[in-house]
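Each remark here refers to the structure printed beneath this line.
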Amino acid sequence: MVRGTKKNSNDKSRRFRDIKEGDCIFPFIYEGKLFDGCIPDTIKKKYNGTRCATEIDKDKTLTKWGYCPTTKKKGSVKKKGSTKKTKSKTKSKLFSIPETISVDSLRLPKWYNNSCFLDSVIVCLLLRPNPYLLHRLLEKPISQFSLSPGKFTETIHKEKTVELNSRCSVESREKIRAGLINIINYFHDNIKDNKIINHKSKSGTKFSRRIRNFRDSLSGCILRTYEDFTGSDQREANEFLKYLFAIFPDEDRPNLSETVYFTNDIKTKIDTEKDITKLKGGGCISKNNQTTDIYYFVSPSDIMMVDETTYLSNFLTSKDDSLRPEGSKFLCSSKDYKRTIKFKKFEENRYIIFDLSRALGDDFLDNDILPDEEIELSNGKKFKFVSSVYRTPGLGGAHFTSFILLNDIWHYYDDNPGGKNPKFEEIGDYTDLLMYDDKIMKCVMYFYEPI
131 MVRGTKKNSN
141 DKSRRFRDIK
151 EGDCIFPFIY
161 EGKLFDGCIP
171 DTIKKKYNGT
181 RCATEIDKDK
191 TLTKWGYCPT
201 TKKKGSVKKK
211 GSTKKTKSKT
221 KSKLFSIPET
231 ISVDSLRLPK
241 WYNNSCFLDS
251 VIVCLLLRPN
261 PYLLHRLLEK
271 PISQFSLSPG
281 KFTETIHKEK
291 TVELNSRCSV
301 ESREKIRAGL
311 INIINYFHDN
321 IKDNKIINHK
331 SKSGTKFSRR
341 IRNFRDSLSG
351 CILRTYEDFT
361 GSDQREANEF
371 LKYLFAIFPD
381 EDRPNLSETV
391 YFTNDIKTKI
401 DTEKDITKLK
411 GGGCISKNNQ
421 TTDIYYFVSP
431 SDIMMVDETT
441 YLSNFLTSKD
451 DSLRPEGSKF
461 LCSSKDYKRT
471 IKFKKFEENR
481 YIIFDLSRAL
491 GDDFLDNDIL
501 PDEEIELSNG
511 KKFKFVSSVY
521 RTPGLGGAHF
531 TSFILLNDIW
541 HYYDDNPGGK
551 NPKFEEIGDY
561 TDLLMYDDKI
571 MKCVMYFYEP
581 I
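Numbering-wise (this note's numbering), the sequence shown opens with residue 131 and increments by one.
What follows is the structure, encoded as structure tokens:
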């Protein structure tokens, strides 16, 4: 528990002990929720005033808190501090999200020029507010790209760094971020002029709009490893998601671990990592931790190996049991072994996006994969299934749509159902979702937020 200080008339500490009343810091994240003001402090229905964050970490998560100032003097300090931080925090105060989302008042993107790959991803990222995603995409300070030296000489490394930042500058990314902020305000009907979203809009009606301005802004940030997403050509939703995360990066964390057991016992059957103790004759262990982003890649070969419906969580852990091929070596601590048993597992705390690559050569893999309603990782962290992106089968002329959980009810979004406006259809609970048109088990992306 994070503790603060408030003293009674006898100058004795009451419920909190570590910090005194002080200047509040807004916004802050507490128990997974984003707050822009003081929150009531109650215990057993007794009102004890209001409290706020007085110290936050780099992700805006509350680390220390105390009571909000009650005197006139402190109140004015609080107001001044709050205004200053609003101006210094990129555009954190330029969007607002209601506590309860009104589905009837939502305004959703309308298709144009193959924009479905973009619309479906934006809806999954921003329509359902998540503190981590909002902070990363809309609030986290933007700085110049810094390349790792790699095998380049100092001169070439400098040239490549300069080229990268000239093709995708801080200013261009700030413009893209401004577009995202306009979109989230558009979703919740918080814009007065439709031209903020689409400069070609000619009326003030509440009809759905094309998010043309945001798409145009992407031309200011061209990365060689990604295609151009501003034109009318068909693009992949998975690649657009990774492009967004590339221009608004977060520090990779050691969330993918690999443990290899070397042994000369070739007879003992090993099903799980707990069975390793059954191996005879000793052996050697090699461990390796990889740092990755929040998306977890599921390869075509992994999908192709699925003979029947399998749960998505099954891909988070894997086992590879191999005997040493003739003419090769399994070395560990300078010793050669006959057998290796490799276990991989994924451990994450921030957010998980499953990235499924269903294209294999000229084939499209439509194997059924069942998304778990909840997933618990080996580190004990639990995640909840909240949205997904569906891609029509085939390698040409694909269309992307989305499923999203709002107010504990699943909905289906299609930016181009054939009419003038997008389709946003209520489905029901998780069971209803699984029965909906057999699409949810053939998606190319699944989004999970921490519980």
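Where is the CB? At the ideal position from N, CA and C, for every residue including glycine. Remember, predicted model here, so these are calculated numbers, not experimental data.
Give me the Cα-Cα distance between residue i and residue j, rounded to the nearest whole angstrom.
i: Cys246; j: His265; result: 25 Å
i: His529; j: Gly510; result: 37 Å
i: Val300; j: Cys351; result: 9 Å
i: Met565; j: Ile155; result: 46 Å
i: Asn546; j: Cys182; result: 44 Å
i: Tyr543; j: Lys553; result: 6 Å
i: Tyr373; j: His287; result: 22 Å
i: Leu442; j: Thr335; result: 42 Å
i: Gly412; j: Thr393; result: 7 Å
i: Val519; j: Leu277; result: 31 Å
i: Gly548; j: Thr355; result: 33 Å
i: Asp187; j: Pro271; result: 14 Å
i: Leu236; j: Glu504; result: 27 Å
i: Ser222; j: Leu164; result: Residue placement at Ser222 is flagged as unreliable, the pLDDT there being 42, under the threshold of 50; a coordinate-derived value is accordingly withheld.
i: Thr561; j: Val292; result: 52 Å
i: Phe273; j: Leu267; result: The displayed chain sequence assigns Ser, not Phe, to residue 273. Approximately 13 Å between the Cα atoms of the pair.
i: Lys410; j: Asp502; result: 37 Å
i: Lys240; j: Pro228; result: 23 Å
My output table needs one value for residue i: the three-state DSSP class, helix, strand or coil.
i: Cys298; result: strand
i: Lys305; result: helix
i: Asp466; result: strand
i: Phe515; result: strand
i: Pro279; result: coil
i: Phe247; result: helix
i: Cys351; result: strand
i: Pro170; result: strand
i: Ile159; result: strand
i: Ala528; result: coil
i: Tyr242; result: coil
i: Ser452; result: strand
i: Phe225; result: coil
i: Tyr566; result: coil
i: Lys572; result: helix
i: Tyr356; result: coil
i: Thr191; result: strand
Please name the residue or residues paired with residue i in a DSSP beta bridge.
i: Lys553; result: Asp544
i: Gly413; result: Thr393
i: Ile482; result: Tyr578
i: Gly558; result: Trp540
i: Pro384; result: Thr421
i: Phe494; result: Ala489
i: Val233; result: Answer is none; Val233 lacks a bridge partner.
i: Thr440; result: Ile499
i: Glu506; result: Lys512
i: Phe533; result: Ser518, Tyr542
i: Gly196; result: Cys182
i: Val292; result: Looking at the DSSP assignment, Val292 forms no beta bridge with any residue, so it has no partner.
i: Ile471; result: Tyr391, Asp451
i: Leu461; result: Asp466
i: Phe337; result: Per DSSP, none; premise fails for Phe337.
i: Val428; result: Leu486
Report back the beta-carbon spacing between residue i and residue j to the nearest angstrom; my notes put them in contact at under 8 Å.
i: Asn328; j: Arg307; result: Between Arg307 and Asn328 the Cβ distance is about 18 Å, and since that is not below 8 Å, they are no contact.
i: Arg480; j: Ile433; result: About 25 Å; that fails the 8 Å criterion.
i: Pro523; j: Phe494; result: 5 Å
i: Gln364; j: Gly527; result: 7 Å
i: Arg469; j: Ile396; result: 5 Å
i: Phe344; j: Ile313; result: 6 Å
i: Val251; j: Phe370; result: 6 Å
Using C-beta distances below 7 Å, list every residue in its chain close to residue i, excluding the 5 sequence neighbours before and after it, in chain order.
i: Phe282; result: Lys290
i: Glu579; result: Asn260, Tyr481, Phe513, Lys514, Val516
i: Ser508; result: Lys475, Glu477
i: Leu294; result: Phe275, Leu277
i: Pro157; result: Leu164, Phe165, Asp166, Lys190, Ser222
i: Glu366; result: Phe247
i: Asp405; result: none
Whose C-beta lies closer than 8 Å to the C-beta of residue i among residues of the same chain, with five residues either side of it excluded?
i: Arg437; result: Looking at the sequence shown, residue 437 is not Arg but Asp. Cβ neighbours of Asp437 beyond the five flanking positions: none.
i: Ile415; result: Thr389, Val390, Tyr391, Phe392, Cys462
i: Thr439; result: Asp498, Ile499, Leu500, Met571
i: Asp496; result: Arg488, Pro523, Lys572
Which same chain residues end up closer than 6 Å to residue i when comparing Cβ atoms and leaving out the 5 residues on each side of it in sequence?
i: Thr213; result: Because Thr213 carries a pLDDT of 31, less than 50, the predicted location of this residue cannot be relied on, and the following value inherits that uncertainty. Closer than 6 Å at the Cβ level, and outside the excluded window around Thr213, lies no residue.
i: Asp451; result: Ile471
i: Asn551; result: Ser338
i: Ile400; result: Ile471
i: Phe473; result: Thr389, Glu403, Lys449
i: Gly179; result: Asp171, Tyr197
i: Leu486; result: Val428, Val574
i: Asn419; result: Pro384, Ser387
i: Arg297; result: Ile352
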